[in-house]
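For reference, the structure discussed in these notes is given below.
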Amino acid sequence: MCLATLLWIIFACTRATNVGCKITTQGSAETVLLTGTILTSEGALHDSHILIQAGKIACVGKRCIPEAKTRKATFVHCTNSVISPGFINLHEHIDSSTINPLLDHGVKVNHRHDWRMGARGNERRETDINGSAIDAVKWGELRHIFSGTTSIVGGAMASGLTRNLDYVAGLEAGLHNPSSTWAVFPLDDANGVLRSRDCDYGPNATTSETAGRIYRYIAHVGEGVDAEAANEFQCLSSETYDVTPAPAGGGLSYDIIAPNIALVHALGLTEADFNLVAKRGAHVVWSPRSNVFLYGKTLNVTYLLEAGINVALGTDWLPSGSATMAREAVCALSVTKKSYERAIDSKTMWEMMTINAARAASFEEHIGSLVIGKLADIVIFSTSPSLSYYDPFARAIYAPEENVELVMRGGKVLVAGAGLEGLATGACESVAFGEVMKTICVEEELGASYVEFEKKLGGVYPAILSGVPPDEPSCEPTR
């Protein structure tokens, strides 16, 4: 068993956590100096500082204290804790966040239309929204915030809470770029059409011209393990694969693979296909748990990484994927070892959850790393003193929710652990995370307190998850 997995088991089974951060000097609410272990792509910076000013990072390193004193900052000192950018989840169907995971019947299918439409004699798996869509979106965004995710691409949005990178109205304070474009059916095949030798899908498939005009196109392609899944990539990566129009419109292949394209799933692609993705500078969003639960396998992500492809991690959705990014990382580590006998080091996994995701969504100039000038989307994870010498990146990405000490979006505190309540402003309340209490400040975004909102929803799948989530879809590969 690898170290990171062992860490997760220890963390998940240990309810008593050490609160590693405390306010040492109470000063300005707008200016905060964090001291601790800072996670960066260059490595972990121990006993270093981050100065937050007006929602942005104003200083990083060992020389921030004079400026912090000048600005009369609030000083926070963290021991045995790690300071990370907020996680970025590029694959969610956030309006499905109140329904329970699908039951595991032990049946694996070959293509998404097999389970979503009941194609080819398969059982159609119902995933209807439980309650109102807007409440489901809010609930799902809360679940991600509580586990350290500050930005998502999810196909729906609610104002406030996480940043919604696929909606201009959902980018939240500090982000002004065009939003990403989220496409579930780029081949216009929502009706369940399956093709294997041509591109006779719907009449409104995405063309090269259309894709080329989009700021960032994040599209589901090749979700499956058969020839029909592989065919989807051929129809979107070659102008000559199918040159015969379909009678009802469409039917032509196009080549959209470019740096502004991120392929979601990409399970049906071959190594040659991925070589083209790498050559063109396109991106891949990987969701291993959903792949394994539905199709019995996932792609060999180490091949993509070695080919130079920028890979981001995404949870997919609650019915067949992971409830949190941490649980998706646990699955990613496990299935890569079991299926391909390869390991993913914790810093690489952390990058898939932070800066790689920011690059794939084209927001890397603003979020995804702790760099001067970027937005203060920051999460702090605690640990116990006995584990303080373990890999700091593993302590962040495999941490249970009890170990989330602080969640900031643009400098606004959304979650604060014991000892950090003094950072919270506005309408806040105390809520139990397992056996520890935290202060959460989401009433402004919800239009009600968290407790009131939870009561309104009436017993849906929980937003606060202690340990392994209930009925979590299997990550055991069968193919």
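Numbering (mature numbering (1 follows the signal peptide of the UniProt record, and there is no 0)), first residue to last: -16 to -1, 1 to 463. Built from N, CA and C at the ideal position, the CB exists for glycine as well.
In the DSSP assignment, the alpha helix (DSSP H) including residue i goes from what residue to what residue?
| i | result |
| --- | --- |
| Tyr287 | Val285 to Ala291 |
| Met333 | Ser330 to Met337 |
Between the Cα of residue i and those of the options, spot the shortest distance and give me the residue it belongs to.
| i | options | result |
| --- | --- | --- |
| Ile381 | Met392, Ser366 and Ala342 | Ser366 |
| Ser12 | Gly410, Ile36 and Gly4 | Ile36 |
| Ile245 | Asp239, Asn284, Leu236 and Ile202 | Ile202 |
| Leu104 | Thr111, Glu110 and His95 | The sequence given here has Arg at residue 104, not Leu. The shortest Cα separation from Arg104 among Thr111, Glu110 and His95 belongs to His95. |
| Ala383 | Glu429, Arg108, Thr308 and Lys122 | Thr308 |
| Leu236 | Gln218, Gly124 and Phe258 | Gln218 |
| Thr8 | Ala57, Ile41 and Cys43 | Ala57 |
| His249 | Glu110, Gly206, Leu278 and Tyr287 | Gly206 |
| Leu297 | Ala291, Gly280 and Leu317 | Leu317 |
| Val60 | Pro453, Glu427, Glu405 and Cys412 | Glu405 |
| Ile351 | Glu290, Leu302, Arg55 and Ile72 | Ile72 |
| Ile78 | Ala256, Asn148 and Asp455 | Asn148 |
| Val268 | Val276, Ala310 and Phe258 | Phe258 |
| Ser346 | Glu156, His204 and Ser163 | Ser163 |
| Thr54 | Asn175, Ala42 and Thr63 | Ala42 |
| Leu390 | Tyr374, Ser80, Ile364 and Gly403 | Ile364 |
| Ala174 | Gly4, Glu427, Ala344 and Met101 | Met101 |
| Ala266 | Leu247, Thr254, Glu255 and Val276 | Leu247 |
Please confirm whether residue i and residue j have their CB atoms less than 8 Å apart.
| i | j | result |
| --- | --- | --- |
| Gly39 | Gly410 | no |
| Phe417 | Glu438 | no |
| Gly115 | Thr165 | no |
| Glu312 | Ser25 | no |
| His33 | Ile49 | yes |
| Lys422 | Phe377 | no |
| Val121 | Arg379 | no |
| Asp88 | Ser458 | yes |
| Gly305 | Ala262 | no |
| Val397 | Leu278 | no |
| Leu441 | Trp99 | no |
| Thr134 | Gly70 | yes |
| Val415 | Tyr434 | yes |
| Ser221 | Leu260 | yes |
| Ala211 | Ser180 | yes |
| Leu171 | Tyr151 | no |
| Val399 | Ile129 | yes |
| Asn294 | Arg343 | yes |
Where do the ends of the beta strand (DSSP E) carrying residue i lie?
| i | result |
| --- | --- |
| Gln37 | Gly27 to Gln37 |
| Glu389 | Val388 to Arg393 |
| Lys40 | Lys40 to Gly45 |
| His61 | Ala57 to Pro69 |
| His204 | Tyr201 to Val205 |
| Phe417 | Glu413 to Phe417 |
| Ala296 | Asn294 to Leu297 |
| Cys5 | Cys5 to Thr9 |
Taking just the CA atoms, how far does residue j sit from residue i?
| i | j | result |
| --- | --- | --- |
| Met392 | Ser131 | 12 Å |
| Lys321 | Ile328 | 8 Å |
| Glu193 | Ile240 | 8 Å |
| Glu460 | Pro243 | 33 Å |
| Thr15 | Ala360 | 11 Å |
| Gly252 | Ser271 | 13 Å |
| Gly208 | Leu407 | 46 Å |
| Asp300 | Lys6 | 35 Å |
| Ser370 | Asp112 | Its pLDDT being 45, under 50, Ser370 is placed unreliably in this model, and the coordinates cannot settle the point. |
| Cys315 | Glu325 | 14 Å |
| Leu126 | Ala142 | 11 Å |
| Ile339 | His160 | 18 Å |
| Arg197 | Asn188 | 16 Å |
| Phe(-6) | Tyr238 | In this prediction, Phe(-6) has a pLDDT of 44, which is less than 50 and means its spatial position is unreliable; what the coordinates show is noted afterwards. Their backbone Cα atoms lie some 48 Å apart in a straight line. |
| Gly401 | Thr190 | 46 Å |
| Glu456 | Val319 | 15 Å |
| Ile22 | Asn215 | 44 Å |
| Ala167 | Arg47 | 45 Å |
| Val452 | Gly443 | 18 Å |
| Tyr374 | Glu436 | 39 Å |
| Leu449 | Val227 | 51 Å |
| Leu29 | Ser68 | 11 Å |
| Cys412 | Ala447 | 17 Å |
How about residue i: is its Cβ closer than 7 Å to a heavy atom in the ligand GTP?
| i | result |
| --- | --- |
| Arg379 | As for the ligand GTP, it is missing from this structure, which has no ligand bound. |
*Any chance you could list the beta strand (DSSP E) runs of at least 3 consecutive residues sitting entirely within the region 148 to 179, in chain order?*
165 to 167
*In chain order, which beta strand (DSSP E) runs of at least 3 residues are fully inside the region 219 to 258?*
245 to 249
*Counting only runs that start and end within the region 74 to 139, where is the beta strand (DSSP E) found for 3 or more residues in a row?*
133 to 136
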